[in-house]
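Quick notes on the structure that follows.
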Amino acid sequence: MTLALITLLMTKHVIADYFMQYSWMIKDKGTYGAWGGIAHSGYHGLLTFVVLMLFPIPVMYALLLSISDGVIHYHVDYAKSNFWKEKKLTPMDQQYWITHGVDQFAHFLTYVGIVILCV
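Under our numbering, think of the first position of the sequence shown as 2, with each following residue one higher.
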């Protein structure tokens with residue numbers, strides 16, 4: 002169960018972060034409470050719930066973990082986006098990619114935490 006769950010959570014992450022993230026979401030992620038960042042994190046929470054429902058996890062527990070994932074995702078992205086804005090970073094800057102990597106690592110640690118809480 003552990004390997005399947007972490008694999009599906011990472012797969013849903015790639016889908017939500019790269020295939021389902023649109024420019025209107027990206028531009029809003031650095032403004033606290035803006036709809037784009039909320040929608041993007043909402044995709045993550047929703048897809049986490051779908052993944053968790055594939056396993057023998059109680060619905061309310063899965064819902065709590067999914068909401069937590071969305072909230073954590075929102076704040077990690079908010080911090081990253083504001084760091085990029087503050088430093089005026091672009092994809093041509095090494096710090097941009099370092100920050101992007103740290104952001105992704107933080108998201109993956111969230112999934113490790115979810116798996117630990119589910120097994």
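Glycine included, each C-beta is placed from N, C-alpha and C at the ideal position.
Exercise. E87 to I99, Cα distance in whole Å?
Worked result: 15 angstroms
Exercise. Under the three-state reduction of DSSP, which class applies to A17: helix, strand or coil?
Worked result: helix
For this session: Reducing DSSP to helix, strand and coil, say where Q22 ends up.
Result: coil
Problem set entry | 8 angstroms CB neighbourhood of I7 in its chain, flanking five on each side removed | Y112, V113 and V116
Problem set entry | L64 beta carbon less than 8 angstroms from that of L118 | no
For this session: Give the DSSP-derived three-state secondary structure of M93 in the structure shown.
Result: coil
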